[in-house]
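Using the UniProt record's numbering, read the sequence shown as starting at 1 and increasing by one per residue.
Remarks on the structure that follows.
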Amino acid sequence: MTTTHFGRTIGARSRVAAATIAVASLALAGCSVGDGNDLTLATGSTGGTYFPLGGEIASVWSNNIDDISVTATVGGASVENLRALDQGEVQLIMSVNATAADAVTSSGDFADNPLADPADIRALGNIYPEILQIVTTRDSGISSIEDLRGKRVEMGPLGSATSALAAQVLEAYGINPATDLDATLDSGFGDAATNLGDGVVDAAFGILAAPTGSIEQLATTNDVVLLDIQGAALDRLLAENPLLSPHQIPGGTYRGVDNTNRTVTAWATLYAKADLDDELAYELVRVMYENARSVQHSAARDMLLNTAVDGLGPVEVHPGAVRFYEEQGISVR
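Right, here's the structure in full:
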């Protein structure tokens, strides 16, 4: 397989789960932006970061913007979320920045099946750094990515940025996922962590906040190992993916993992379409950043104005969001 895009995944893309989080619309305070706006935010799988964090952000919006009710749904993650947004099935999505860049340029996963209107995608702002975590256990005997040959590996849900990046990491190490692994699974990370703990698989890829609850729970019953991305393979990966950056997870982030883990990161970003009302876009961005400390999720500590428009690549920022950032003295390209 050859590609130079982060948003590429293997095989057919199918599924967006139907489960939802109902978020109350209490309208406690804030600026009114209209009458009866019901919005849907597509997130990710239940065991990852998007789903619980998205529910918290949706609740903050609902409680602080008059006449707004936001429902956060389990989504198929980046690729499927972008397709759902393009088709008008949802109004807001969370996606990895590099996957969104592929969507608007009709490359990577979107080369053969582009969005109906790729130029209509707009960024609202970054939420937190997406950290690739490649997890195994001491009992597996795996200590490096090279050791994944012939093993059973959770690659991430089909249509997700995890699946795309997992394939690219393996290929950077000369491993063809289709031929060099014993088996590949496509579970959400919660199920992937369970499968890893139960010995169903040998390793799992996840694009997550650090720490993330699924790995913390796994570490209570297993000796967890995080695999490093480094050397020439890291150089190849970064050359192919200009919106990725090197990242280090400090030792001690997870129980029993004392060494620094060398990996890569991108941004989890909030997206809408160009026709989202400007005042509504302004309020969504304002409330999200002004109330970041009230979001009950560890990833919210990285929801910062000074990184809100970093690494957006070719995706335009929504005019309503631009107005807010300019008021805060933040330059938007």
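Idealized CB from N, CA, C, for every residue including glycine.
Just so we're clear, the structure is a prediction, and the values are computed from it rather than from any experiment.
Check: Between D302 and the rest of its own chain, which residues show a CB-CB distance below 7 Å, the 5 nearest in sequence each way excluded?
Finding: Y128, P129
* Asked: Does DSSP classify E89 as helix, strand or coil?
  -> coil
- Message: Taking only three categories from DSSP, how would you classify D278?
- Response: Here D278 sits in helix by DSSP.
Query raised in the report: Just how far apart, CA to CA, sit D147 and G159?
Result: 26 Å
query: Hey, V201 and V153 are a contact pair by Cβ (cut 8 Å); roughly how many whole angstroms apart?
result: 6 Å
Distance check for A116 and V309, CA to CA, integer angstroms please.
When rounded, the distance between both Cα atoms is 25 Å.
Contact check, L206 vs G156, beta carbons under 8 Å
According to the sequence as given, residue 206 is Gly; it is not Leu. Contact check for G206 against G156 passes: the beta carbons are separated by less than 8 Å.
Bridge partner(s) assigned by DSSP for F205: I134
- Query: With burial defined as no fewer than 16 other Cβ atoms inside 10 Å of the residue's Cβ, what is the status of T263: buried or exposed?
  - Reply: buried
Worksheet item: For A152, does the three-state DSSP call read helix, strand or coil?
Response: In the sequence as displayed, the identity of residue 152 is Arg instead of Ala. DSSP places R152 in strand when its eight states are reduced to three.
- Look at the alpha carbon of I175 and the alpha carbon of I142, and state the distance between them as a whole number of angstroms. 15 Å
Item to check | Host alpha helix (DSSP H) of Y325 (start-end) | outcome: 319-327
*Apply the 10 Å Cβ neighbour rule to A203 and answer buried if 16 or more other Cβ atoms are within range, or exposed otherwise.*
Buried, since its Cβ has 16 or more Cβ neighbours within 10 Å.
**Request:** From the DSSP output, read off the bridge partner residues of W267.
**Result:** P129
Which stretch, first to last residue, makes up the alpha helix (DSSP H) that contains S62?
-> 50-64
Notebook entry, point to check: If you draw a straight line from the alpha carbon of V96 to that of N291, how long is it in whole angstroms?
Noted result: 22 Å
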